[in-house]
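Structure first, commentary second.
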Amino acid sequence: MRVKDKLYRTVWMEGSTVYIIDQNLLPFDFRIFPSVNYRQTCHAISTMAVRGAGAIGAAAGFAMAQAFLEGKNNRDPAFIGQAKKRIEETRPTAQNLFYATKRVYDAGLLSVEKSVYEAQKIADENVEEGNQIGEYGKLLIHEGFVVLTHCNAGWLGFVDWGTALAPIYKAHWEKKKIFVYVDETRPRGQGARLTAWELHNEGIPHAIIPDNAGAYLMSLGKVDMVIVGADRIASNGDVANKIGTLEKAIVAKEYGIPFYVAAPRSTFDRKASTGSDISIEVRDQDEVIFQTGVDEKNQMTKIRVCSPGSSAFNPAFDITPAKYISGIITEKGIIKPDPESINYLFLDSYL
Ligand code: MRU
Numbered sequence: 033m034r035v036k037d038k039l040y041r042t043v044w045m046e047g048s049t050v051y052i053i054d055q056n057l058l059p060f061d062f063r064i065f066p067s068v069n070y071r072q073t074c075h076a077i078s079t080m081a082v083r084g085a086g087a088i089g090a091a092a093g094f095a096m097a098q099a100f101l102e103g104k105n106n107r108d109p110a111f112i113g114q115a116k117k118r119i120e121e122t123r124p125t126a127q128n129l130f131y132a133t134k135r136v137y138d139a140g141l142l143s144v145e146k147s148v149y150e151a152q153k154i155a156d157e158n159v160e161e162g163n164q165i166g167e168y169g170k171l172l173i174h175e176g177f178v179v180l181t182h183c184n185a186g187w188l189g190f191v192d193w194g195t196a197l198a199p200i201y202k203a204h205w206e207k208k209k210i211f212v213y214v215d216e217t218r219p220r221g222q223g224a225r226l227t228a229w230e231l232h233n234e235g236i237p238h239a240i241i242p243d244n245a246g247a248y249l250m251s252l253g254k255v256d257m258v259i260v261g262a263d264r265i266a267s268n269g270d271v272a273n274k275i276g277t278l279e280k281a282i283v284a285k286e287y288g289i290p291f292y293v294a295a296p297r298s299t300f301d302r303k304a305s306t307g308s309d310i311s312i313e314v315r316d317q318d319e320v321i322f323q324t325g326v327d328e329k330n331q332m333t334k335i336r337v338c339s340p341g342s343s344a345f346n347p348a349f350d351i352t353p354a355k356y357i358s359g360i361i362t363e364k365g366i367i368k369p370d371p372e373s374i375n376y377l378f379l380d381s382y383l
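Residue numbers (the numbering used here): 33 to 383.
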């Protein structure tokens, strides 16, 4: 994607350095963080300098390759095993992370060069998947549509393009008149900060709404469809996505509004039969209690926004059962639920 007339990917690797657009500074400051070893890349993932299912996957793949490059004799099994474990502990819900570490680890057992090649391949595939998801998804967006999205499943959440936002970009570039409601997505504000920044840069009309405004807008008939991303998808089509997704899905069904999930096939977890098999990350309570933004002098500031003395609970994701989902937009096409059951018809013909 283009930022200030230059094309960027969210995360990329040159030599043994991984370059990361620091999303904790966005939208106030645009800076690239050069991560020189796998531990620094792990830190960038766990502190969410790089975040979003696909971007986490690519960063994790690069971190695994960095570990092979760093390792004593390059392939010291204890060092590499420890590195893999550490990378996989950074964010437990994003399926793409585990998908990437496994692929790069398997390649690295053959040679260090192969590990780097595999990590680059994962990142390149991610770009093309977003592009294809955009192609299929744009067919669902008609002239004059108002789309609601939650969190950030745009190019920042992937290596490029994104998933939920890719169809929106493509519909806009085809000159369809569209409008996007952006859930602010407390506590970290990925919608208010990142999705809004992306849409603004692309000149797509939009408005940030409080997380609790979606139901009201849907009840008024002011939303034509909902598109969200996914962090992990179980075999029965249950979807783990950013906390707050479930409420949107239930409300959309109540008002007969199509609710689509956009995700590449690498987000499907065949080992998870249903959503209850997906582990949900619980993050630090400080993300709820404090907020970070800029003051009138454009200086980054952290302020307390909750009553002192109270604790907070901060689950990062929820599970939306398949029955609330109208379809899953993948890079191979749109998967529809089986009308005979709540299960999806995807399995082998699609995956
Ligand atoms: O905690 P995050 O910001 O890494 O959450 C992941 C997400 O961005 C969303 O849940 C998104 O919809 C998944 S696809 C990027």
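All C-beta atoms in this analysis are idealised placements derived from N, C-alpha and C, irrespective of residue type, glycine included. Note that the coordinates shown come from a computational prediction; the quantities given were computed from them, not determined experimentally.
Asked	Found
Within 8 angstroms, strictly: CB atoms of ILE154 and ALA90	yes
heavy atom of the ligand MRU below 7 angstroms from GLY362 C-beta	A small correction: the amino acid at residue 362 is Thr; Gly does not occupy that position in the sequence shown. No, the beta carbon of THR362 sits no closer than 7 angstroms to any heavy atom of the ligand MRU.
Same chain only: Cβ atoms within 6 angstroms of THR42, ignoring 5 sequence neighbours per side	ILE53, ALA87, LEU188 and VAL191
Cβ contact check for the region 330 to 346 and the region 258 to 274: 3 or more pairs under 8 angstroms	no
Check: LYS202 C-beta below 7 angstroms from any heavy atom of the ligand MRU	no
Contacts around PRO124, its chain only, beta-carbon distance under 7 angstroms, and the 5 residues preceding and following it disregarded	SER311 and GLU313
Nearest to ARG118 (by Cα), restricted to the options ILE357, VAL258, ASN69 and GLN323	ASN69
Reduced DSSP category for ILE360 - H, G, I as helix; E, B as strand; rest coil	strand
Whole runs of the beta strand (DSSP E) within the region 291 to 331, excluding any shorter than 3 residues	291 to 294 and 322 to 326
heavy atom of the ligand MRU below 7 angstroms from LYS274 C-beta	yes
Secondary structure of GLU46, DSSP reduced to three states	strand
Where PRO347 falls, given that 16 or more other Cβ within 10 Å makes a residue buried	exposed
Top-ranked residue by Cα proximity to LYS208, from PRO219, GLU175, ARG220 and GLU230	GLU175
HIS75 (DSSP reduced to helix, strand or coil)	helix
Own chain partners of GLY113 with C-beta closer than 8 angstroms, once the 5 adjacent residues on each side are dropped	none
Residues bridged to GLY365 (per DSSP)	THR362
Given LYS38 as reference, the closest of PRO296, THR352 and ASN233 once Cα atoms are compared	ASN233
When VAL214, ARG220, ALA247 and LEU226 are compared against ALA239, the one with the closest alpha-carbon	VAL214
Cβ neighbours of PHE60 in the same chain (closer than 6 angstroms, five flanking residues each side left out)	VAL326
Per DSSP, the bridge partner or partners of MET257	VAL179
Rounded C-alpha distance that separates GLN323 from CYS338	9 angstroms
DSSP state of TYR382 mapped onto helix, strand, coil	Since pLDDT at TYR382 reaches only 48, below the 50 mark, its modelled position is unreliable, and no value is offered.
LEU39 in three-state terms, based on DSSP	strand
Host alpha helix (DSSP H) of PRO219 (start-end)	Segment: none, PRO219 is in no alpha helix (DSSP H) and carries neither H nor E.
Bridge-paired residues (DSSP) for ILE351	ALA272
Delimiting residues of the alpha helix (DSSP H) encompassing HIS238	From DSSP, HIS238 is part of no alpha helix (DSSP H) but of the beta strand (DSSP E) over 238 to 241.
The region 218 to 234 in contact with the region 282 to 301 per 3-pair CB rule at 8 angstroms	no
Outcome for LEU278 when other beta-carbon atoms lying within 10 angstroms are tallied against a minimum of 16	buried
Rounded C-alpha distance that separates PHE65 from PRO219	23 angstroms
Buried versus exposed, by CB contacts within 10 Å (16 or more), ASN158	buried
Residues that ALA53 bridges to, as DSSP identifies them	For the record, residue 53 in the displayed sequence is Ile; it is not Ala. Partner(s): ILE64.
PHE211 versus GLY253 - alpha carbon distance	14 angstroms
GLU230 beta carbon less than 8 angstroms from that of GLY186	yes
With 16 other Cβ atoms within 10 Å as the buried cut-off, status of LEU180	buried
Proximity to TYR51 [Cα-Cα], best of ILE259, LEU57 and ARG63	ARG63
Proximity test, ASN184 beta-carbon vs the ligand MRU heavy atom, cut-off 7 angstroms	yes
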